[in-house]
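A.B. asks:
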Amino acid sequence: MASGPPLDNGTSSNPESHPAVTYEPGWQVGEQQPPVRPEWVQVVLFLATCLTTTLAGVQASPVFSRRYADRDLELLDLFLPENLILGVPFSASLLLILGIHEMGHFIAARRWHVRATLPYFIPIPTIIGTMGAVIRIRSRIPNRRALFDIGVSGPLAGFILSVAALCCGFSTAEVVSMHEFEGKGALVFGDSLLTSTLQYLIVGEIPPGHDLLLEPIGFAGWLGLFVTVLNLLPIGQFDGGHLVYAMFGKRHEMVAKATIVGLFGMWMFGPEYGWLTAADPMSTWLESRWPGWIIWGIISIVMGRRHPPTLDPYTGLDDRRRWIGYGTTVIFVLCFIPNPIRWMSP
Numbered sequence: 001m002a003s004g005p006p007l008d009n010g011t012s013s014n015p016e017s018h019p020a021v022t023y024e025p026g027w028q029v030g031e032q033q034p035p036v037r038p039e040w041v042q043v044v045l046f047l048a049t050c051l052t053t054t055l056a057g058v059q060a061s062p063v064f065s066r067r068y069a070d071r072d073l074e075l076l077d078l079f080l081p082e083n084l085i086l087g088v089p090f091s092a093s094l095l096l097i098l099g100i101h102e103m104g105h106f107i108a109a110r111r112w113h114v115r116a117t118l119p120y121f122i123p124i125p126t127i128i129g130t131m132g133a134v135i136r137i138r139s140r141i142p143n144r145r146a147l148f149d150i151g152v153s154g155p156l157a158g159f160i161l162s163v164a165a166l167c168c169g170f171s172t173a174e175v176v177s178m179h180e181f182e183g184k185g186a187l188v189f190g191d192s193l194l195t196s197t198l199q200y201l202i203v204g205e206i207p208p209g210h211d212l213l214l215e216p217i218g219f220a221g222w223l224g225l226f227v228t229v230l231n232l233l234p235i236g237q238f239d240g241g242h243l244v245y246a247m248f249g250k251r252h253e254m255v256a257k258a259t260i261v262g263l264f265g266m267w268m269f270g271p272e273y274g275w276l277t278a279a280d281p282m283s284t285w286l287e288s289r290w291p292g293w294i295i296w297g298i299i300s301i302v303m304g305r306r307h308p309p310t311l312d313p314y315t316g317l318d319d320r321r322r323w324i325g326y327g328t329t330v331i332f333v334l335c336f337i338p339n340p341i342r343w344m345s346p
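Just so you know, we're using my numbering here: the sequence shown kicks off at 1 and counts up by one.
(1) So, with DSSP's three-state summary, where would you put residue 114?
(2) Can you tell which of 113, 174 and 187 has its C-alpha closest to the C-alpha of residue 341?
(3) Can the beta-carbon of residue 165 be found closer than 8 Å to that of residue 97?
(4) When DSSP labels each residue in this structure, what does residue 156 get in the three-state scheme?
(5) Could you check which residue in 201, 309, 202 and 267 has the C-alpha nearest to that of residue 253?
(6) Should residue 268 go down as buried or exposed, given a rule of 16 or more other Cβ atoms within 10 Å for buried?
(7) In the structure shown, what three-state DSSP assignment does residue 91 receive?
(8) On a CA-only basis, which of 157, 152, 124 and 211 is nearest residue 170? Give me that one, please.
(9) Can you check the stretch 161-221 for any beta strand (DSSP E) of at least 3 residues that lies completely inside it and give the ranges in chain order?
(10) Taking contact to mean 3 or more Cβ pairs, one atom from each stretch, closer than 8 Å, check whether the stretch 322-342 and the stretch 226-236 are in contact.
(11) Rounded to the nearest angstrom, how far is the Cβ of residue 150 from that of residue 108, given a contact under 8 Å?
(12) What do you get for residue 178, buried or exposed, if any count of 16 or more other CB atoms within 10 angstroms of its CB means buried?
(13) Buried or exposed for residue 79, please, with buried defined as at least 16 other CB atoms from any protein chain shown within 10 angstroms of its CB.
(14) For the alpha helix (DSSP H) containing residue 135, list its first residue and its last residue.
(15) Please work out which residues of its chain come closer than 6 Å, Cβ to Cβ, to residue 116, disregarding the five sequence neighbours upstream and downstream, and give them in chain order.
(16) Can at least three beta-carbon pairs, one atom from the stretch 233-250 and one from the stretch 307-326, be found at a separation below 8 Å?
(17) According to DSSP, simplified to helix, strand and coil, what is residue 70?
(18) In this structure, what does DSSP give as the bridge partners for residue 120?
(19) Have a look at residue 163 and residue 238 and give me their C-alpha separation to the nearest angstrom.
(20) By alpha-carbon positions, which one of 209, 50, 84 and 52 ends up nearest to residue 63?
(21) Between 189, 298, 147 and 167, which has its C-alpha nearest residue 316's C-alpha?
(22) Just the C-alpha distance for residue 44 and residue 207, rounded to the nearest angstrom, thanks.
(23) In whole angstroms, what separates the C-alpha of residue 330 from that of residue 202?
(24) Looking only at its chain, what residues have a beta carbon closer than 7 Å to the beta carbon of residue 52, apart from the 5 residues adjacent to it on each side?
(25) Quick check on residue 235: does DSSP put it in helix, strand or coil?
(26) Answer with buried or exposed for residue 217, where buried requires no fewer than 16 other C-beta atoms within 10 angstroms of its C-beta.
(27) If I measure Cβ to Cβ from residue 328 and keep anything under 8 Å in the same chain, skipping five residues before and after, which residues do I get?
(28) For residue 318, name the three-state secondary structure that DSSP assigns.
(29) Can you give the Cα-Cα distance for residue 94 and residue 196, rounded to whole angstroms?
(30) What's the gap between the Cα of residue 28 and the Cα of residue 192?
(31) For residue 313, count neighbouring Cβ atoms within 10 angstroms of its own Cβ and tell me buried if that reaches 16, exposed if not.
(32) Quick one, are the C-beta atoms of residue 58 and residue 76 less than 8 Å apart?
Here it is as structure tokens:
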């Protein structure tokens, strides 16, 4: 995700009183940029994220799960060399996907002579080990074309790599009986239109009473697609917010409002209506919702619906960029997962 401070160009809202000035990639906008070098904070955060994602990959490894199926797991077991090595494929794949996403933003920003930092990775000890990565935009964005290029480059780069990782994961995935999880419980990751199609083409139909056990690289690919969806939410300074503002200008606020309502609606009225006829409808309803949509709805409100203007807010997109924007919308729809994560009770 690329983010930056609000911009105030001090211009009137009347485009006729302030004729637009157009900029093209490579044109000088502001001072010459010095070479960008990683700060010590970025290095420390990256190393910490390598550790947390490796530990997450260990726990996501089917080999590790079976290795400790019949014995108690202690925290120090995660750090044993024979276990740590199991987490490297997941960590390397996920960090590569996130890194390519952010470098897409960075390279596009440099092409437009917009100052930007290298990525800040965010480590967190969860089932995935990270909250993603972010770059900071430190100079004004000249126009909506530049904003579009910077905003779209990250999701497209991450999407391509995520699909490759997911296809690799499907090709080595194992079809297992659901009886294997009896008495244990398991996290079940939802399907999008794209993941369902790729699974059918690569794996084929899954027999009743069975499910697909993804290897760590495939899991990283699934996460990469889900991160792409979250980044493409058309709100504020999310990547999707950049794209909607670049494509539609002031009308982006209407899209942002509808999206916020939709996020809360996904939790309230999302899929799986079996709770209506369940013996304990309230508990069943709660179990079938993904609470993350509430969290993202709140985040969207906090980040705001409005997008700061570019230096030249009047120069629109050319046809090529508009078609890329429509294609990115298709990617969002294909990758969207109404109920991404749920817990399968023992």
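Every residue gets a Cβ at the ideal spot worked out from N, C-alpha and C, and that includes glycine.
C.D. replies: Looking at the atomic coordinates:
(1) Coil at residue 114, not helix or strand.
(2) Comparing Cα-Cα distances from residue 341 to each of 113, 174 and 187, the minimum goes to 187.
(3) Contact: yes.
(4) Three-state DSSP puts residue 156 in a helix.
(5) Nearest to residue 253 by alpha-carbon distance, out of 201, 309, 202 and 267, is 309.
(6) Classification for residue 268: exposed.
(7) It is helical.
(8) The shortest C-alpha separation from residue 170 is found at 211.
(9) Whole beta strand (DSSP E) segments, 3+ residues: 174-177, 186-189 and 210-213.
(10) Counting Cβ pairs under 8 Å, three or more are found: they touch.
(11) About 5 Å; that satisfies the 8 Å criterion.
(12) Exposed.
(13) So residue 79 counts as exposed.
(14) It is not in any alpha helix (DSSP H) - residue 135 instead sits in the beta strand (DSSP E) that spans 130-136.
(15) So the list reads 106, 109, 135 and 137, once near-sequence residues are dropped.
(16) Segments in contact, yes.
(17) If DSSP states are grouped into helix, strand and coil, residue 70 belongs with coil.
(18) In DSSP, residue 120 forms a bridge with 134.
(19) Each residue's Cα considered, the two are about 21 Å apart.
(20) Checked all of 209, 50, 84 and 52; the closest Cα to residue 63 is 84.
(21) Considering only alpha carbons, the answer is 147.
(22) Approximately 46 Å between the Cα atoms of the pair.
(23) Approximately 22 Å between the Cα atoms of the pair.
(24) Around residue 52: 123, 124, 125, 129 and 130.
(25) In the three-state DSSP reduction, residue 235 falls in the coil class, being neither helix nor strand.
(26) Result: buried.
(27) Taken in chain order, the residues that qualify are 152, 155, 156, 232 and 243.
(28) Assigned with DSSP and collapsed to three states, residue 318 falls in coil, not helix or strand.
(29) If you take the alpha carbons of residue 94 and residue 196, they lie about 21 Å apart.
(30) Note that residue 28 scores a pLDDT of 41, beneath 50, so its modelled location is shaky; the value from the coordinates is reported in the next line. Going by the C-alpha atoms only, they are around 42 Å apart.
(31) Label assigned to residue 313: buried.
(32) Contact flag unset, no.
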